[in-house]
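One structure is given below, encoded as structure tokens.
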Amino acid sequence: MLPEDIHIKVKSLYLPAQSSPKQGRYVFAYTISIQNKGEQAAKLLTRHWKILDGRNKLEEVRGEGVIGEQPRLSPGAEFTYSSGAVLETPNGTMEGSYQFSTDAGELFDVAIPLFALTLPGALH
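For the sequence shown, this note's numbering gives the first residue as 2, with consecutive numbering after it.
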């Protein structure tokens with residue numbers, strides 16, 4: 002199993018109803034789709050996020066699975082979930098990695114590409 006067998010797509014969205022710009026609270030949702038294009042099953046074990054706000058304040062998040070699950074993706078399977086992040090600035094970025102295990106116990110990491118968390122109209 003190779004890390005490039007796992008394909009990750011990300012979409013992010015600003016949530017104005019949950020945000021409070023006057024209090025420096027900007028809430029973003031993101032949806033991630035993870036697809037196994039390999040020939041072996043892979044189980045998502047852990048996640049590692051680097052969340053950077055517009056002031057270069059870094060927050061790192063590590064934990065087991067995603068949204069309380071450790072999905073096992075059979076060949077061709079896809080797992081999609083949504084979560085969120087709160088920033089003190091109207092824009093920032095997220096990137097990270099997932100650690101997976103094959104059924105044989107082989108561990109490998111898959112990079113989550115950098116994506117923007119941006120208030121509509123905040124960047125010119």
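C-beta: ideal position from N, C-alpha, C; glycine also.
Alpha carbon to alpha carbon, how far is Glu89 from Gly69? Give it in angstroms, no decimals. C-alpha of Gly69 to C-alpha of Glu89: approximately 25 Å in a straight line.
What do you get for Gly85, buried or exposed, if any count of 16 or more other CB atoms within 10 angstroms of its CB means buried? Exposed: under 16 other Cβ atoms inside 10 Å.
Straight-line gap, Gly55 to Gly93 (C-alpha atoms, nearest Å): Near 5 Å, if we compare the C-alpha coordinates of Gly93 and Gly55.
Looking at the secondary structure, which residues open and close the beta strand (DSSP E) in which Gly69 lies? Run containing Gly69: none; DSSP gives neither H nor E here.
To the nearest angstrom, report how far apart Glu107 and Trp50 are at their CA atoms. Computed Cα separation, rounded: 22 Å.
Under a Cβ-count criterion, where at least 16 other Cβ atoms within 10 Å of its own Cβ denotes burial, should Ala43 be classed as buried or exposed? By the neighbour-count rule (16 or more Cβ atoms within 10 Å), Ala43 is buried.
Contacting residues, own chain, Cβ-Cβ under 7 Å from Gly25 (five flanking each side not counted): Counting only Cβ-Cβ distances below 7 Å, and skipping sequence neighbours, we find Glu89.
Which of the three DSSP states, helix, strand or coil, is assigned to Ala105? In the three-state reduction of the DSSP assignment, Ala105 falls in the coil class, being assigned neither a helical nor a strand state.
Output the distance between the C-alpha atoms of His8 and Val67, rounded to the nearest integer angstrom. Answer to the nearest angstrom: the Cα atoms are 16 Å apart.
Classify Ala42 as helix, strand or coil using the three-state DSSP reduction. Residue state, collapsed to three classes: coil.
Residue range of the unbroken beta strand (DSSP E) whose run includes Asn37: Note, Asn37: beta strand (DSSP E), Tyr27 to Asn37.
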